[in-house]
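Everything below concerns the one structure shown next.
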Amino acid sequence: MRPSVCRPDSLTAGGDSAEESWQFPYYGIMPTPPAPGEIGPISRALAILEALNRRPTTSLHLLHAETGLPKATLVRLLQALRAAGYAEQVSSTLGYRVTGRVARLAAGFRFRDQVVDAAILPMQRFTQVHRWPLYLGMLEGGVIQVRHSTIGDSPLSTEPAATYRSFPILSSALGRAHLAFCPDAERVMILRALAASRRRENAPARDSRQLLAALRDIRRQGYAITPPDRSKYTGLAVPILRDGAVLACLSLRFFQRALSVDETVDRYLGALQHTANDIAVAVEGRTAAR
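UniProt numbering applies: residue 1 is where the sequence shown begins, and numbers increase by one.
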């Protein structure tokens, strides 16, 4: 299996068709928020699930103390959770507990952990051969979060440990690679969320024409580079793709006093793309084995 590259001309500013096809939150970016009247019951039900998850069984009295919800509301929502299969009543004394069905709510998170696990060995092999450190980044809550790096394996890195370090989407190679290669509908929602943000680093999302032109170039060439004037470190990033979706992005971190961008691309892009492909294949194997 080789990572597929989407056609550059499918990268749009997000027309109606792209927005209509968006039906689910994607890697930390939420679609249009629910109506105000829908938020209360959902948040209260989630608060109950969180409380039930803290111990094997939880009484109604303890749920009332922990959530602050009236007991009548608790009983009504517990009935709904029982009907949906997420909770069950053990006894009138012991109270309630969650069922195995709640594990489905974390399936997406566990899959992301599988991506990290699948990436560790291919990333280590790259750094052992080429010496430069790699970062594995995933979209998380409006930023790119580093989920694994080979800084500790690289004799060329002077950066501190990077795991769970965050980078802005628009001004990092990892973020720009994700935006360039993700499905159009996902891109629409990401850019909408960033454009609504007051953070300075997200301002380019309000000039979508210029940004989308840059993303088309990234998709056409197959990689993203950290925009200039960020720091002494530069990233060369490629996507890890599966069925047209971006699982994560992989970035080689280097400093330009040692290598120019052109030299880095010439020397390492092929190996970096091969590593991304190895990770995608490993994820596929882990998923098939489940």
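Quick reminder that beta carbons are idealized off the backbone N, C-alpha and C, glycines included.
Between the segment 96 to 112 and the segment 125 to 136 there are fewer than three inter-stretch CB-CB distances shorter than 8 angstroms, so the stretches are not counted as touching. Taking the CA atoms as reference points, D266 sits about 31 angstroms from E186.
D278 sits buried, since 16 or more C-beta atoms from the chains shown fall within 10 Å of its C-beta. With fewer than 16 other Cβ atoms inside 10 Å of its own Cβ, H61 counts as exposed. Taking all protein chains shown into account, L211 has 16 or more neighbouring C-beta atoms within 10 Å of its C-beta and is therefore buried. Beta bridge pairing from DSSP links T58 with Y96.
For V188, the enclosing alpha helix (DSSP H) begins and ends at 184 to 196. Of the residues assessed, I190 falls on the buried side of the cut-off, its CB having 16 or more other CB atoms within 10 angstroms. Annotation for I218: the continuous alpha helix (DSSP H) segment containing it runs 208 to 221. At least 8 angstroms separates the beta-carbon of A214 from that of R206.
One thing to note: L247 has its Cβ within 8 angstroms of the Cβ of A280. Excluding the 5 residues flanking it on each side, T226 has same chain C-beta neighbours closer than 7 angstroms at S172, A173, T234, G235, in chain order. Take the alpha-carbon of V283 and the one of I48: they are about 34 angstroms apart. At the C-beta level, S149 and A162 come within 8 angstroms of one another.
Take the alpha-carbon of V75 and the one of T275: they are about 52 angstroms apart. When secondary structure is reduced to three states using DSSP, Y86 falls in the coil class, being assigned neither helix nor strand. R44 and L272 have their alpha carbons spaced roughly 46 angstroms apart. Annotated as distal: L250 and F181, with beta-carbon spacing of 8 angstroms or more. Setting aside the 5 residues that flank it on each side, V143 is surrounded in the same chain by S166, F167, P168, I169, each with a C-beta closer than 7 angstroms to its C-beta; the list follows chain order.
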